[in-house]
Amino acid sequence: MPESDSGYVDYLEILGLPPDFKPADVRRNYRKKIKDLLAEITGQVMTEDRRNQYLLQIAQLNAAFYILRDNDLAAKYLADREEVMSLEEAWQQAAGDASAADGGRRQFDQALRHFLSTYLEEIMLQAGRDAECVENSGWDPAHERHASSVLRHYRQRLYHKIHERLPYYDVTRPEVDWAERANFVRAMLRGGDA
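So the sequence shown is numbered by this note's numbering: it starts at 311 and just counts up by one.
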């Protein structure tokens, strides 16, 4: 499944929808994609990794449908996604100013944690309880039990992927007056006060 915009899951992309999508497009694309995925799963020998991959793909399709079919929830998701991407950009632009960068980092990290936990765990699990999602995807309580662990690992992987490219990983070289330090050490070794 796509992870566009450097780790921020794009549910429009998952369902293959344009930005100006219609509600009917959401339902049609979801049903086609979930049907194709279930047909693909049927022909596979299940390994642990493959099962986890398919659970994640089904959860993503269910969440995309669940979010985008509801105009209010879709608008909130798109606004939250745009906000967290804007905060990342603002933080990167403030990288030269330590206090602004620190404030930006804190604000971004809080927004990122909220975005990922809401849209990559909570809503994915809620979607798995939705009657229409259950009917189309065959999702059941056993899927949910196993998926909660898969989704938590997925969220953590994206969190780290996003943070690895951000400016606070850059370490600045400390400014040390080596002559002053050498004098201090000599004084200490002679037993005197520095």
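All C-beta atoms, glycine included, are put in the ideal place defined by N, C-alpha and C. Quick caveat: nothing in here was measured; it's all calculated off a predicted structure.
The beta carbon of Ile433 sits closer than 7 Å to the beta carbons of Ala373, Tyr376, Ile377 from its chain, once the five residues preceding and following it are set aside; these are given in chain order. With respect to Leu348, Gly448 sits close: the two C-beta atoms are nearer than 8 Å. Arg337 is positioned such that its CB atom lies closer than 8 Å to that of Arg379. Assigned with DSSP and collapsed to three states, Trp401 falls in helix. The alpha helix (DSSP H) runs of length 4 or more contained entirely in the stretch 417-494 are, from start to end of the chain, 433-437, 441-447, 451-474.
Distance from the CA atom of Phe418 to the CA atom of Ala400, rounded to whole angstroms, is 9 Å. Contact between Arg465 and Glu442 fails: their C-beta atoms lie close to 24 Å from each other, not under 8 Å. In this structure, the straight-line span from the alpha carbon of Lys343 to that of Ala410 is close to 44 Å. A straight line joining the alpha-carbon of Leu327 with that of Thr357 spans about 31 Å.
One Cα belongs to Gln436, the other to Ile351, and the distance between them is close to 23 Å.
Taking every protein chain shown into account, the CB of Val394 has 16 or more other CB atoms within 10 angstroms, so this residue is buried. Comparing C-alpha distances from Ala404 to each of Ala421, Pro451, Glu454, Leu476 shows the shortest one belongs to Leu476. Straight across, the Cα-Cα distance linking Gln370 with Arg491 is about 57 Å.
Linking Tyr387 to Glu485 through their CA atoms gives a straight-line distance of about 45 Å.
Residue burial annotation: Val495 is exposed, with fewer than 16 other C-beta atoms found within 10 angstroms of its C-beta. Non-local C-beta neighbours of Glu398 in its own chain, meaning closer than 6 Å and more than five positions away in sequence, comprise Phe418, ordered along the chain. The C-alpha of Tyr429 lies about 14 Å from the C-alpha of His463. A direct Cα-to-Cα measurement between Phe425 and Ser396 gives close to 13 Å. In the structure shown, Met498 adopts helical secondary structure according to DSSP, grouped into three states.
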